[in-house]
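Numbering (the numbering used here), first residue to last: 598 to 1046.
Built from N, CA and C at the ideal position, the CB exists for glycine as well.
I have placed the structure first, in the form of structure tokens, so that the comments after it can refer back to it.
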Ligand SMILES: Cc1cc2nc3c(=O)[nH]c(=O)nc-3n(C[C@H](O)[C@H](O)[C@H](O)COP(=O)(O)OP(=O)(O)OC[C@H]3O[C@@H](n4cnc5c(N)ncnc54)[C@H](O)[C@@H]3O)c2cc1C
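See the structure below:
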């Protein structure tokens, strides 16, 4: 065996690399979205050396900002707002990025069936969340964790459609569907109640209050990640992926072979922080043992996409929300857009698109052209697409049987094993502020270990 525990001559053997291609650090962070970026920066602040491996050519993950070349206006078309909690305020302040309270833009909302173009004129979905909150508060641990009591409360495993009926939430069902978005596999009313409560949680509802969440003062959420990227410098390996790994069961180091635009590098680190979606394609190169593989195999996920387009023929300043004239609570069947929303630049709209399975950009844009033509009742519209982002795989979930079988306890039991720690939406929630809070606590455990 080589010094890193790999067989001589293997791609994990340090002697297969020139010294300048070996990166030795305290911690290797995988993924540079909200949790990975926060993790890498905060570990640096704690005096640890880090290297971060990110597949894309930029940090930010679900955060996307488009800058209109004509007006210079920034348009956030991924993550919009941040929980107004100290960890969020501190993270922005650390990079001197001013934040302000988010306020909802004024304007007209049209509820239309995107599959036919028909408008539902007097539709007014309920927004009094009090009866929903009454249910949510029964499970305070869900706000910041996946701690679920034993036995698992039956209500949490009900399909959300049954939960809606049981607790008379019919008036709210559409709002719960259309606000947080992205959970499309299975269809929304078949989603397990626990997954709905987890995404439309207390922090999310706080953000629905006027001024409840934070937003960057000049609506350029990308500034946070650009500043972090600059600070990490060559410690952020962009456009890079791990292709092989050795994660020890003893006290030796983790070794990762990372494919970068500058050739293969061998990362040797005391600990590993994984923040990417825990799907098998993502995790297969990480030297999984049978228990880890068996857990990650259980995840299923949704397709979720956002984009920006113009020359749509849609009414300026109008937000179009997708409903279905014929379904229960008017919740539309996906794939399809949740809504089409005007941006700060006149005539430019962004759209949010959900699907039970992954689709290509071409398929989504074709559907958006068809949607716009139906909404404008004109087959002449040729929208121009100016930006697109895939957020898939989104909302990793497991079955009711797996949750009953204590899936999340088993997942959390992996923390620290084989020098590996896990953060990110799959292990906590789709909320940047909550993820920063969770990651912060995890880093202290890591450093103590
Ligand atoms: C459209 C949209 C809007 C949202 N709006 C909000 C909002 O307003 N407020 C809010 O709090 N939350 C929002 N969310 C939820 C969002 O998921 C979280 O806030 C947070 O961004 C999730 O962070 P993460 O670190 O788990 O994942 P991500 O941000 O997805 O980060 C994962 C990173 O890992 C990289 N990666 C993936 N696979 C690999 C691999 N194999 N190797 C290397 N790198 C890899 C990805 O490129 C990505 O950069 C939104 C999500 C979406 C999709």
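Can you find a C-beta in chain B that's less than 8 angstroms from the C-beta of residue i?
i: residue 766; result: Given the protein chain composition of this structure (a single chain), no chain B is represented.
Does DSSP put residue i in a helix, in a strand, or in coil?
i: residue 613; result: helix
i: residue 979; result: coil
i: residue 911; result: coil
i: residue 782; result: coil
i: residue 895; result: coil
i: residue 1021; result: coil
i: residue 926; result: helix
i: residue 634; result: helix
i: residue 674; result: coil
i: residue 966; result: helix
i: residue 600; result: In this prediction, residue 600 has a pLDDT of 45, which is less than 50 and means its spatial position is unreliable; what the coordinates show is noted afterwards. Looking at residue 600 - three-state DSSP - the assignment turns out to be coil, as it is neither helix nor strand.
i: residue 856; result: strand
i: residue 942; result: coil
i: residue 660; result: coil
i: residue 797; result: coil
i: residue 906; result: strand
i: residue 958; result: helix
i: residue 668; result: coil
i: residue 1027; result: coil
i: residue 696; result: strand
i: residue 1001; result: helix
i: residue 840; result: strand
i: residue 868; result: strand
i: residue 766; result: coil
i: residue 652; result: coil
i: residue 753; result: helix
i: residue 991; result: strand
i: residue 593; result: Nothing about residue 593 can be read from this structure; the chain reaches only from 598 to 1046.
i: residue 933; result: strand
i: residue 645; result: coil
i: residue 706; result: strand
i: residue 952; result: strand
i: residue 921; result: coil
i: residue 877; result: helix
Using the rule of at least 16 other Cβ atoms within 10 Å of the residue's Cβ for burial, across every protein chain shown, is residue i buried or exposed?
i: residue 724; result: exposed
i: residue 813; result: buried
i: residue 730; result: exposed
i: residue 653; result: exposed
i: residue 836; result: exposed
i: residue 600; result: Confidence in residue 600 is poor, its pLDDT being 45 and thus under 50, which makes the residue's placement unreliable; the coordinate value appears in the next sentence. It counts as exposed.
i: residue 651; result: buried
i: residue 737; result: exposed
i: residue 979; result: exposed
i: residue 868; result: buried
i: residue 701; result: exposed
i: residue 919; result: buried
i: residue 962; result: buried
i: residue 1047; result: An answer regarding residue 1047 cannot be provided, because it is not within the stretch 598 to 1046 covered by the chain.
i: residue 697; result: exposed
i: residue 610; result: buried
i: residue 1029; result: buried
i: residue 1049; result: Here the chain covers residues 598 to 1046 and nothing more, so residue 1049 does not appear.
i: residue 860; result: exposed
i: residue 795; result: buried
i: residue 757; result: buried
i: residue 846; result: exposed
i: residue 945; result: buried
* To do: At 3 residues or longer, and completely inside the stretch 710-747: list those beta strand (DSSP E) runs for me, N to C.
  => Listed in chain order, there is nothing to give.
* Asked: Going along the chain, which unbroken runs of the beta strand (DSSP E) with 3 or more residues stay wholly within the stretch 809-836?
  -> 810-813
* Asked: Does the stretch 701-717 come within contact of the stretch 913-933, defined as at least 3 CB pairs closer than 8 angstroms?
  -> yes
* Asked: Using 8 angstroms as the Cβ pair cut-off and three pairs as the minimum, do the stretch 783-797 and the stretch 739-758 touch?
  -> yes
* To do: Report yes or no: do the stretch 613-632 and the stretch 1020-1027 share at least 3 C-beta pairs separated by less than 8 angstroms?
  => yes
* Touching or not, the stretch 818-826 and the stretch 657-675, by the rule of three or more beta carbon pairs under 8 angstroms? -> Cβ pair count under 8 angstroms is three or more, so yes.
* the stretch 898-908 touching the stretch 677-697, judged by at least three CB pairs closer than 8 angstroms -> no
* Asked: Are the stretch 614-629 and the stretch 860-870 in contact at 8 angstroms, needing three or more beta carbon pairs?
  -> They touch, by the three-pair rule.
* Touch check for the stretch 979-997 and the stretch 825-840: three-plus C-beta pairs under 8 angstroms? -> no
* Given 8 angstroms, three or more beta-carbon pairs between the stretch 921-940 and the stretch 765-784 -> yes
* To do: Report yes or no: do three or more beta-carbon pairs, one from the stretch 938-957 and one from the stretch 875-890, lie closer than 8 angstroms?
  => no
* Any 3 or more C-beta pairs closer than 8 angstroms across the stretch 883-890 and the stretch 965-973 -> Segment contact: the stretch 883-890 against the stretch 965-973, fewer than three CB-CB distances shorter than 8 angstroms; contact not assigned.
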